[in-house]
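*Asks:* Just so you know, our numbering puts the end of the sequence shown at 201, numbered straight through with nothing missing.
Note that beta-carbon positions come from the ideal geometry of N, C-alpha and C, so glycine has one too.
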Amino acid sequence: NPFNFLIADPDCQAIPVSYSKQARESLRAYREPLDASSEPVRKLLDEVSGSSSSNETITFLSQLCRVIHSRVTPVLRHEGAPYSPEESLEKGTGACRDLAVLFIEACRHVGLASRFVSGYHEVSSELPAEHLHAWAEVYLPGGGWRGFDPTNGFAVADRHVAVATGASPEHAAPTSGSFRGTGVESQMSVELTIETS
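Laid out in structure tokens, this is it:
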């Protein structure tokens, strides 16, 4: 159950949230929006808040995840930096990393600390399991970092395996490195088996 916790800070139980001074300091890198004046993100937030009569944080996060899932069609895009939130909303399509960035930006607009996660998830679709996946995590006092997967439209439970996290996608690369030389090639291969018990 991804919701098996209580939000300990009353100022974080409803949107907009207000973290304690200590939490604000330690979460600074995860709270700053890329573009605090983004009109498309504001419209998305209006849509989310208009679709629910509750301003409870968990209700907001679940609804945001569902709205992004319904508005932006997931596509497989192997290369390239994530789209900006505006691009994802304008195109109406995006890779998992694009949807995660959009979710993160919307969360930061309402004061929620959020971060980018790279990893794997169990799939029962036509996508091979060895494809990296991306989702977002939100910091909730009393619950810690809680995952939300807008590509699939639900909260993260036991079907995701996080490999790297960061305040932005650049800081959540699951592998990195370099080599120097001539006549040398580098290739990475992954073999992944996910078993459920």
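(1) For the putative contact between leucine 31 and alanine 159, defined by C-beta atoms under 8 Å, what is the C-beta separation to the nearest angstrom?
(2) Under three-state DSSP, which class holds glycine 123?
(3) If you draw a straight line from the C-alpha of histidine 137 to the C-alpha of alanine 12, how long is it?
(4) Rounded to whole angstroms, how far is the Cβ of histidine 113 from the Cβ of leucine 49, which I believe are closer than 8 Å?
(5) Taking 7 Å as the limit between beta carbons, can you name the residues of its chain near glutamate 141, skipping five residues before and five after?
(6) Please report the Cβ distance between proline 4 and threonine 155, rounded to the nearest whole angstrom; I am assuming they are in contact, meaning their Cβ atoms lie under 8 Å.
(7) Tell me the rounded alpha-carbon separation between glycine 115 and glycine 146.
(8) Would alanine 161 and asparagine 5 be called neighbours here (beta carbons separated by less than 9 Å)?
(9) Taking the alpha helix (DSSP H) that threonine 61 falls in, what are its first and last residues?
(10) Residues in the same chain with beta-carbon distance under 7 Å from aspartate 102, minus the five sequence neighbours each way, listed in chain order, please.
(11) If you reduce the DSSP assignment to three classes, tell me which class glycine 151 lands in.
(12) With H, G and I counted as helix, E and B as strand and the rest as coil, what does DSSP make of leucine 80?
(13) Taking the alpha-carbon positions, what's the valine 105 to glycine 96 distance?
(14) Report the partner residues of phenylalanine 158 according to the DSSP bridge assignment.
(15) Report the rounded CA-to-CA distance for proline 44 versus isoleucine 72, giving the unit in angstroms.
(16) Quick one, which of Ser56, Ala166, Glu174 has its alpha-carbon nearest alanine 18's?
(17) Give the C-beta separation of tyrosine 34 and alanine 171 to the nearest angstrom, bearing in mind that I take them to be a contact with Cβ-Cβ under 8 Å.
(18) Between which two residues does the beta strand (DSSP E) holding alanine 171 run?
(19) Please report the distance separating the alpha-carbon of valine 52 from that of valine 188.
(20) Under a CB-based cut-off of 9 Å, is glycine 157 close to chain D?
*Replies:* According to the data block:
(1) With 8 Å as the limit, leucine 31 and alanine 159 do not qualify as a contact, their Cβ atoms being about 20 Å apart.
(2) strand
(3) 30 Å
(4) 6 Å
(5) Within the same chain, glutamate 141 has close Cβ partners Ser118, Arg119, Val121, Trp149, Arg150, Gly151, Thr169.
(6) Nothing in the structure corresponds to residue 4, since the chain is present only between 5 and 201.
(7) Approximately 17 Å between the Cα atoms of the pair.
(8) yes
(9) Residue range 61-75 is occupied by the alpha helix (DSSP H) that includes threonine 61.
(10) Pro86, Tyr87, Ser92
(11) strand
(12) coil
(13) 14 Å
(14) Residue pairing by DSSP puts phenylalanine 158 in a beta bridge opposite Asp153.
(15) Cα to Cα, the separation comes out at about 12 Å.
(16) Ser56
(17) Going by Cβ atoms, the distance from tyrosine 34 to alanine 171 rounds to 5 Å, so yes, they are a contact pair.
(18) From DSSP, alanine 171 is part of no beta strand (DSSP E); its letter is neither H nor E.
(19) 51 Å
(20) Checking the listed chains, one finds no chain D in this structure; it contains a single protein chain.
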